[in-house]
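One structure is given below, encoded as structure tokens.
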Amino acid sequence: MPLIPNDRYYVMQIMDAYSSIFASLGRRTTGTKAGSFAIVGPDWDGVLPSGLREVRSPTNTAWLIGRVLAKGEDDEEEARRILKQFTLTSLDGTNPYVVKPANKLLLETKVEDLSAMDFFKAMTDLMISESYYRQ
């Protein structure tokens, strides 16, 4: 996360596979200083590089919604400039913005083009792989 002016509200809400918010990084919770965070799943057991703060997701799939306050029409461009400074990169730093799909069928096919059987099979596979209750 970039350095954010002290008077600027921002938040990065991080959600699990079921859209439940499990972390909110922002002025209220992490401050306005620049920082680096690693969003990791429940199965990850590696060692983070120095300077990264761990944010553990209850599922191996996570997504985020970022917001930066625009204080009116005259401030929209500045809010966009700040938002564009946020980066999302793989832990090894070599593949910015790369996401390994959990289920290629759902990413390569429109839902309305799936047969009922294929849809429910794909949905079931995702629900099993992203279960809160895995032992």
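Going letter by letter, the sequence shown gives residues 1135 to 1269 in this note's numbering. By construction, the Cβ of each residue, glycine as well, lies at the ideal position given by its N, Cα and C atoms.
Based on the DSSP output, what are the partners of MET1251 in its beta bridges? Bridge partners of MET1251: none, in fact.
Going by DSSP, which residues form a beta bridge with GLN1147? Answer is SER1158, ILE1199, bridged to GLN1147.
Nearest candidate by alpha-carbon position, reference GLY1185, set PRO1136, SER1170, LEU1203, LEU1260: Nearest C-alpha to GLY1185: SER1170.
Classification of ALA1151 by the beta-carbon crowding that lies within 10 angstroms, buried from 16 upward: By the beta-carbon neighbour count (other beta carbons within 10 angstroms, threshold 16), ALA1151 is buried.
Coil, strand or helix - ILE1216 by DSSP: The answer is helix: DSSP assigns ILE1216 an H, G or I state.
Return the CA-CA distance between GLU1246 and VAL1181, expressed in angstroms with no decimal places. Their backbone Cα atoms lie some 42 Å apart in a straight line.
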